[in-house]
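Keeping their order, the protein sequence lines are chains W and X. Taken in order, the first sequence gives residues 187 to 674; the numbers are from our numbering. Taken in order, the second sequence gives residues 9 to 439; the numbers are from our numbering.
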Amino acid sequence: MSEQHEIEALVSRDYKYGFVTDIEQEIIPPGLNEDVVRLISAKKNEPEFLLEWRLKAYRHWLTMTPPAWAHVHYPPIDYQALSYYAAPKSAAEQAEIDANRPKSLDEVDPKLLEMYAKLGIPLHERAALAGVAVDAVFDSVSVTTTFREKLAEVGVIFCSFSEAVHSHPDLIKKYLGTVVPAGDNYYAALNSAVFSDGSFVFIPKGVRCPMELSTYFRINAMNTGQFERTLIVAEEGAHVSYLEGCTAPQRDENQLHAAVVELVALDDATIKYSTVQNWYPGDEHGKGGIYNFVTKRGDARGNRSKITWTQVEAGSAITWKYPSCILRGDDSVGEFYSVAVSNNYQQVDSGTKMIHLGKRTRSTIVSKSISAGRSQNAYRGLVHIAKTADDARNYTQCDALLIGDRNGAHTFPYIESKNASAQIEHEATTTKVSDDQIFYLKSRGITEENATNMIVNGFCKEVFNELPMEFAVEAQALLAVSLEGSVG
Amino acid sequence: MSAPMPRAIEPIVLPDWLRSALSQPASTRIAPSDQQMMSSEQFLAWGLPTARDEEWRWTSLRPIARLAIADAKGEQAAPADDAPHLPHALVIRLVGGQLQPLPKNVPAGLTLTPLSHAHEIDRAAAFQPSAQGRNDALLALNTACATEGFVLDIAANTVITAPIVLEWLDNNTRSNHSQTRVLIRVGANSSATVLETTHAPLQSTHWRNAVSVIEQGANSQLTQISLGLAGDARLLTDRSFVHLARDARYRSINIQLGGQLTRREIDVNISESGAHCDLLGLMMPRGKQVMDTHTRITHGAPHTTSNEQYQIIADDAGRGIFKGRILVAEDAQKIEAYQNSRNLLLSNTAEIDTKPELEIYADDVKCSHGATIGRLDDEALYYLQSRGISRSNARKLLITGFAQEIIDALPYPELVEQMSALMRAHLSDAP
C-alpha cells in the first residue's frame with residue numbers, strides 16, 4: 187500500500203509557474219467575424235494576399251465542425267467569447283512602427299524580464315551561456331530577438347512571423363499553407379484566419395545553422411486564445427535544430443491554444459523540432475488548464491530530407507496534437523519521439539502521422555506515455571504507405587506506464603498499406619511499474635523514490651536521448667519536478 | 009499556396025427496396041414491436057454508414073445501394089461441391105434466411121425454435137443488444153426488419169461432440185436481402201461447436217445482414233467457426249454479441265476466402281472472472297474482394313484473459329481490414345490480453361488496413377498488441393530457390409505456410425484438410 191502512495195506521490199505536483207504578470211494589454215473585444223480578421227490583419231499592416239488568405243480560411247472555418255473523434259471530453263467552446271488579439275502595449279505600438287524595436291534587453295519592459303526570471307529563463311544569461319538565440323514570444327508579438335546578426339552572417343533568417351511578412355513576403359507567399367492548408371482541420375482553419383504571430387526560420391541552401399534556435403511561448407492575457415504560426419524552411423542541404431518550450435500562468439478559466447507549425451525540408455535538408463510543453467494543466471480537481479489543440483506537420487519535400495519531432499508533454503488540461511511527417515521525397519526520413527505525462531484530470535490524445543509517398547522512405551515512432559491520477563492518456567497514430575512508396579519502412583513502438591488505478595492508457599494506431607514492398611511493424615504494451623523491479627532495487631539499498639525515479643527515467647530514456655543537450659536537461663528537470671514530494 | 013479544401017463525403021441514398029422493407033407490416037417481423045418502431049426510426053435517421061463514420065472508415069457499403077431487386081426466377085444458391093463435408097454433422101439449413109425442416113439426428117439436449125414461435129422472453133433475449141448508444145445503423149436495421157431467425161439452446165451439462173453446421177443459402181428469389189437473427193445459448197458446463205457457412209449464387213448478389221447473440225453459461229465451452237467459402241458474389245454484414253459467464257471459454261475461428269464484401273463484427277463481453285476468449289482469423293481477399301473484421305473484447309471482470317490472432321493475405325486488388333479493440337474496464341485487475349495482427353500484402357493494387365486498439369482503465373494488467381504488414385521474406389524465397397524450387401512455388405509455399413497457422417487451429421482433422429485444400433485452390437485460382 188505504501189508503495190502505491192509513493193508512486194502516486196511521484197507524479198503529483200503543484201504547478202510551479204502559476205502567476206500573472208500585470209502588463210497593460212491591448213485587446214480586441216471578444217468575438218469573431220470578418221471585421222475582426224480584417225482588424226487583425228490591418229493592425230499588423232499585412233499585405234493584401236495575406237488578408238485574402240485569412241478571409242478564405244475564416245469562411246471555410248464557418249462551414250466546419252470541431253472534431254469529435256478524439257478520446258477527450260470538454261464542454262463546447264464558445265468561440266465568440268474569446269478575444270483574438272492581444273499584444274503587450276509597448277510592443278503593439280512597435281509593431282505598427284516596426285522599425286522601433288528594442289535594441290537591447292534594457293528597452294524591454296522590466297516586468298516582462300522579471301517574469302522570465304521567475305520562469306528560470308534568464309534571457310541574456312541563457313543566450314550568452316548556451317549560445318542560443320531566443321525569440322521570446324510574449325503573448326502575441328515578439329518582444330526581442332537576439333543573435334540576429336550572427337545568424338544573418340550565414341544567411342539564416344530567424345524572426346517573428348509578422349516581421350517576415352514585411353521583410354520576406356515572397357518566402358511567406360511561397361511556403362505559407364503549403365504543408366498545413368488553411369482548411370486542413372477545424373483548429374488549423376481557425377488559426378489561419380486569426381493567427382497572431384510566431385516564428386519564421388529560413389535556412390538557405392547548404393547552410394548548417396550555427397546554433398540551436400529557441401523560442402519561448404507564454405500565454406498571459408485573460409481569455410485570449412493564442413494562435414501561433416510557425417514556419418521553418420530548410421533549403422537544399424540545410425540543417426537546423428529548433429527548440430520550443432512553454433509554461434503559462436495559473437488561471438481558472440480554460441484557455442485555448444491552437445497553433446500551427448509548418449516545416450519544409452528540401453533535398454538533403456534536416457529539420458529537428460523539439461518541444462518541452464508544460465502549460466498549466468488545471469488544478470487537482472480538473473478545474474482550469476490550457477486546451478492545447480495544435481496542428482504540427484513537416485513536409486520532407488526533397489529527396490534524402492529528414493524531419494525529427496521530439497516532444498516532452500507534461501502540461502495542458504487537454505492535448506490534441508499530432509506532429510506529422512509527409513515523406514514526399516525519395517529516401518526521406520521521418521522520426522517521432524514522444525514522452526507524454528498526464529496527472530489529475532489531464533487528457534491527452536496525441537501521436538503522429540507518417541505519410542509515406544516517396545520510395546525507400548523510412549519512419550520511426552517511439553511513444554511513451556505515463557498516466558497517473560485520473561488522467562486519460564491516448565496515443566493515436568497513422569502510418570500510411572501510398573502505392574508509390576516502394577520499399578518503405580516503418581517501425582512503431584508505443585509503451586504506456588500506469589500509475590494508480592483510476593486512470594486510462596489507450597492506443598489507437600491506424601496502419602494502412604498500399605504497397606507490397608513496404609514493411610511495417612507496430613508494437614504496444616501497457617503495464618504498471620512492476621513490484622518486482624521496485625523490490626529488486628530496494629534490496630540493493632536504493633530508496634523507493636529513487637527506484638521509481640530510475641524506472642520512470644529508464645522508461646523515457648529512448649526519447650530523452652533524442653533531445654538536444656539543453657532540452658534533455660530541462661526535460662529531466664521537468665520529470666524531477668514531477669517526482670517532487672515523494673521524499674519522506 | 010492555395011491547396012484544395014478537403015472534399016466532403018456524400019451520404020448513401022437509401023434505395024427504394026430498403027425503404028419499402030422498413031414499411032412492411034409489423035406482424036411479419038419478429039422483434040418486439042416497440043423495438044421495431046424505435047429501430048426503424050433510428051435507421052432512417054442514421055442511414056447507411058459512410059467513411060465519415062469512424063467504424064466504416066475503410067469499408068464502403070455503397071455496393072448495397074446498387075443491389076439489383078429480387079428476381080423470382082433468379083439463380084438458386086446451393087452448397088458448393090467443395091463445401092466442407094463432416095461426417096456426423098448436424099446440418100441446419102437456411103434458404104434465403106428461412107429455416108428448413110430439421111434432420112432426424114438431433115442430439116439430446118439440443119433444441120431449435122424459430123424466433124417467430126419462440127417465447128416472448130427468448131425473443132427479448134435475442135433482441136437484447138440495442139443499437140442505441142452504439143450508433144449502429146446496421147443493428148438498428150436488423151432489429152427493425154428481421155423476419156427470420158431461431159433460438160439454438162444447448163441444455164446444461166450437455167457435451168455435443170459433432171459439429172452443428174449452420175448452412176446459409178442466400179439467394180435472390182424472394183428478396184435481394186435478408187435480415188437474420190440468431191440466439192445461441194450454451195448452458196452451464198456444456199460444450200459445443202457451431203460451424204457457419206454461407207453460400208450464394210455466383211452471379212446475382214444477395215445481401216445478408218445477420219446478428220447473432222451468444223450467451224454462455226458458467227464453465228461452458230463454445231467454438232464458433234465462420235467460413236466464407238470461395239467464389240460467390242454475396243454481401244455479408246454479420247455481427248456476433250458474445251456474453252461469457254464465470255469460467256466460460258469462447259473460441260472463434262473466422263476464415264474468409266469468398267464473397268464480394270464481408271464485414272464481421274465480434275463483440276465479446278467477459279463479465280465474470282475466470283473466463284477466456286480466443287479470436288482467430290484469416291482473411292484472403294483477391295480480385296476485388298473486400299474483407300473486414302472488427303473485434304471488440306471487453307474485460308469487465310478481474311482475472312480474465314484473451315488472446316487474439318488475425319492474419320490477412322491480400323492479393324490483386326483485394327482489400328483486407330482488421331480492427332481489434334481490447335477494453336479493460338476500471339477495477340478489472342489481473343487481466344492478460346494479447347493481440348496480434350500479421351499481414352501479407354502481395355500486390356501494389358491491394359490494400360491492408362489494420363488498427364489494433366488498447367483502451368485500458370485498470371493498472372494491474374498485462375496487455376500488448378503487435379501489428380505488421382509486410383512482404384514475403386526475400387531470404388526465405390532465395391533459400392527455397394537455391395534448393396531448386398521455382399520462384400512461384402517458393403512463393404506459394406511461404407504463403408500457404410503463413411495461412412496454415414490459422415487453419416491448423418480448426419477442430420476436426422477432416423475440416424483442416426478440406427480447408428487447406430480450399431485455401432490452396434483460392435490462391436491459385438485466377439480472380
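Even for Gly, the Cβ is constructed at its ideal location relative to N, Cα and C.
{"Asked": "Contact set between the stretch 369 to 386 of chain X and chain W, restricted to residues whose Cβ is under 8 Å from the partner", "Found": "TYR369, ALA370, ASP371, ASP372, VAL373, LYS374, CYS375, SER376, HIS377, GLY378, ALA379, THR380, ILE381, GLY382, ARG383"}
{"Asked": "Where VAL340/W falls, given that 16 or more other Cβ within 10 Å makes a residue buried", "Found": "exposed"}
{"Asked": "Other residues of its chain near GLY332/X: CB distance less than 7 Å, five sequence neighbours each side excluded", "Found": "THR303, GLU316, TYR318, GLN347, SER349, PRO364, GLU365"}
{"Asked": "Interface residues of chain X facing TRP675/W [CB-CB closer than 9 Å]", "Found": "Since the first residue shown for chain W is 187 and the last is 674, residue 675/W is missing from the structure and cannot be characterised."}
{"Asked": "Where the alpha helix (DSSP H) through ALA451/W begins and ends", "Found": "Here ALA451/W belongs to no alpha helix (DSSP H); instead the beta strand (DSSP E) covers 446 to 451."}
{"Asked": "Short-range partners of chain X found in the stretch 603 to 621 of chain W, where Cβ spacing is below 8 Å", "Found": "SER603, LYS604, ASN605, ALA606, SER607, ALA608, GLN609, ILE610, GLU611, HIS612, GLU613, ALA614, THR615, THR616, THR617, LYS618"}
{"Asked": "Where SER553/W sits in the DSSP three-state scheme", "Found": "strand"}
{"Asked": "Secondary structure, alpha helix (DSSP H): runs of 4+ residues fully inside the stretch 328 to 402 of chain W", "Found": "334 to 339, 347 to 353, 355 to 361, 372 to 380"}
{"Asked": "Runs of beta strand (DSSP E) lying entirely within the stretch 204 to 259 of chain X, each at least 3 residues, in chain order", "Found": "215 to 224, 229 to 236, 243 to 252"}
{"Asked": "Alpha carbon of HIS377/X to alpha carbon of PRO396/W, nearest angstrom", "Found": "43 Å"}
{"Asked": "Local Cβ density within 10 Å of MET655/W, reported as buried at 16 or more and exposed below that", "Found": "exposed"}
{"Asked": "Beta-ladder partner(s) of LEU160/X, from DSSP", "Found": "LEU120/X, ILE192/X"}
{"Asked": "GLY520/W and GLY488/W closer than 8 Å at C-beta", "Found": "no"}
{"Asked": "Residue of VAL534/W, SER269/W, VAL552/W minimising C-alpha distance to ILE214/W", "Found": "SER269/W"}
{"Asked": "Per-residue DSSP class, three states only, for PHE413/W", "Found": "coil"}
{"Asked": "Member of LYS618/W, ASP221/W, ASN580/W, ILE263/W whose CA lies at the smallest distance from the CA of LEU590/W", "Found": "Leu is not the amino acid found at residue 590/W; the sequence shown has Gly there. Looking at the Cα atoms, LYS618/W is the closest of the given residues."}
{"Asked": "Supposed close pair VAL534/W, THR505/W - CB separation, criterion 8 Å", "Found": "5 Å"}
{"Asked": "Cβ-based burial, ARG27/X [other Cβ within 10 Å; buried from 16]", "Found": "exposed"}
{"Asked": "Chain W residues whose Cβ lies nearer than 8 Å to that of ASP361/X", "Found": "TYR600, ILE601, GLU602, SER603"}
{"Asked": "TYR626/W in three-state terms, based on DSSP", "Found": "helix"}
{"Asked": "Residues near PRO137/X by beta carbon distance below 6 Å, same chain, minus five either side", "Found": "PHE249"}
{"Asked": "Any C-beta of chain X under 8 Å from that of ASP591/W", "Found": "yes"}
{"Asked": "Chain W residues whose Cβ lies nearer than 7 Å to that of GLU365/X", "Found": "THR597, PHE598"}
{"Asked": "Contact list for ALA358/X against chain W, beta-carbon separation under 8 Å", "Found": "LYS604, ALA606"}
{"Asked": "Euclidean distance between Cα positions of LYS699/W and LEU147/X", "Found": "In the structure displayed, chain W extends from 187 to 674; residue 699/W sits before or after that span and is not available."}
{"Asked": "Buried versus exposed call for TYR626/W [16 or more other C-beta atoms within 10 Å across all chains shown]", "Found": "exposed"}
{"Asked": "Cβ pair PHE522/W, THR538/W closer than 8 Å", "Found": "yes"}
{"Asked": "VAL480/W, buried or exposed, once every other Cβ within 10 Å from all chains shown has been counted against 16", "Found": "buried"}
{"Asked": "Assigned exposure category for PRO33/X - 16 Cβ within 10 Å defines buried", "Found": "exposed"}
{"Asked": "MET45/X, buried or exposed, once every other Cβ within 10 Å from all chains shown has been counted against 16", "Found": "exposed"}
{"Asked": "Bridge partner(s) assigned by DSSP for PHE479/W", "Found": "TRP506/W"}
{"Asked": "Alpha-carbon spacing of GLN323/X relative to ALA433/X, whole angstroms", "Found": "Residue 323/X is actually Asp in this sequence, not Gln. If I take the Cα positions, the gap works out to 14 Å."}
{"Asked": "CB of TYR369/X within 8 Å of CB of ALA337/X, strictly", "Found": "yes"}
{"Asked": "For THR166/X, the three-state DSSP class (helix, strand or coil)", "Found": "coil"}
{"Asked": "Per-residue burial, GLN108/X [other beta carbons within 10 Å of its own, 16 or more giving buried]", "Found": "exposed"}
{"Asked": "Alpha helix (DSSP H) segment containing ARG294/X, residue limits", "Found": "Here ARG294/X belongs to no alpha helix (DSSP H), and DSSP marks it neither H nor E."}
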